[in-house]
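J.:
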Amino acid sequence: MSKKKNDKNQKKRLNEASLKPNCLVSQDVQKRYQQELSRYQLQIKKKLELDSFKAA
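The numbers in the sequence shown follow UniProt numbering, run straight up by one, and end at 56.
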(Lines of atoms letter the chains of each structure in order from A and count residues from 1; the text may use other names and numbers.)
(Lines give C-alpha, C1' and ligand atoms only; values in the text may rest on other atoms or scores of the structure.)
Protein backbone atom coordinates (compact mmCIF):
# COMPACT_ATOMS: atom_id res chain seq x y z
CA MET A 1 0.00 0.00 0.00
CA SER A 2 2.70 2.48 0.99
CA LYS A 3 4.70 1.52 -2.13
CA LYS A 4 1.77 2.52 -4.35
CA LYS A 5 1.36 5.82 -2.48
CA ASN A 6 5.10 6.40 -2.78
CA ASP A 7 4.93 5.86 -6.56
CA LYS A 8 2.08 8.37 -6.80
CA ASN A 9 4.09 10.95 -4.86
CA GLN A 10 7.12 10.30 -7.05
CA LYS A 11 5.07 10.75 -10.22
CA LYS A 12 3.59 13.96 -8.82
CA ARG A 13 7.06 15.35 -8.03
CA LEU A 14 8.31 14.43 -11.50
CA ASN A 15 5.31 16.11 -13.11
CA GLU A 16 5.77 19.26 -11.03
CA ALA A 17 9.46 19.40 -11.86
CA SER A 18 8.81 18.97 -15.58
CA LEU A 19 6.33 21.87 -15.58
CA LYS A 20 8.87 24.38 -14.28
CA PRO A 21 10.99 26.26 -16.83
CA ASN A 22 14.63 25.17 -16.60
CA CYS A 23 15.94 28.66 -15.84
CA LEU A 24 14.01 28.74 -12.56
CA VAL A 25 15.11 25.30 -11.39
CA SER A 26 18.42 25.13 -9.57
CA GLN A 27 21.12 22.76 -10.79
CA ASP A 28 20.69 20.64 -7.66
CA VAL A 29 16.98 20.16 -8.30
CA GLN A 30 17.62 19.36 -11.96
CA LYS A 31 20.18 16.72 -11.00
CA ARG A 32 17.85 15.16 -8.44
CA TYR A 33 15.02 15.20 -11.00
CA GLN A 34 17.22 13.44 -13.57
CA GLN A 35 18.25 10.82 -11.01
CA GLU A 36 14.63 10.16 -10.01
CA LEU A 37 13.55 10.04 -13.63
CA SER A 38 16.22 7.53 -14.62
CA ARG A 39 15.53 5.40 -11.54
CA TYR A 40 11.81 5.47 -12.34
CA GLN A 41 12.43 4.51 -15.98
CA LEU A 42 14.67 1.67 -14.80
CA GLN A 43 11.88 0.39 -12.51
CA ILE A 44 9.43 0.45 -15.42
CA LYS A 45 11.91 -1.35 -17.69
CA LYS A 46 12.53 -4.06 -15.08
CA LYS A 47 8.79 -4.50 -14.53
CA LEU A 48 8.14 -4.80 -18.26
CA GLU A 49 10.92 -7.38 -18.62
CA LEU A 50 9.53 -9.32 -15.67
CA ASP A 51 5.99 -9.20 -17.08
CA SER A 52 7.10 -10.35 -20.53
CA PHE A 53 9.13 -13.13 -18.89
CA LYS A 54 6.06 -14.27 -16.94
CA ALA A 55 3.89 -14.13 -20.06
CA ALA A 56 6.34 -16.23 -22.09
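Cβ atoms here follow ideal geometry from the backbone N, Cα and C, with glycine treated the same way. The structure displayed is predicted, hence computed values, not measured ones.
CA-CA distance, Y33 and I44?
T.: Using only the alpha carbons, I get a separation of about 16 Å.
J.: Could you tell me the alpha carbon to alpha carbon distance between L48 and L42, rounded to whole angstroms?
T.: Whole-angstrom Cα-Cα distance: 10 Å.
J.: Going by CA-CA distance only, name the one from L50, K54, E36 that's closest to N9.
T.: It is E36 whose Cα lies nearest to the Cα of N9.
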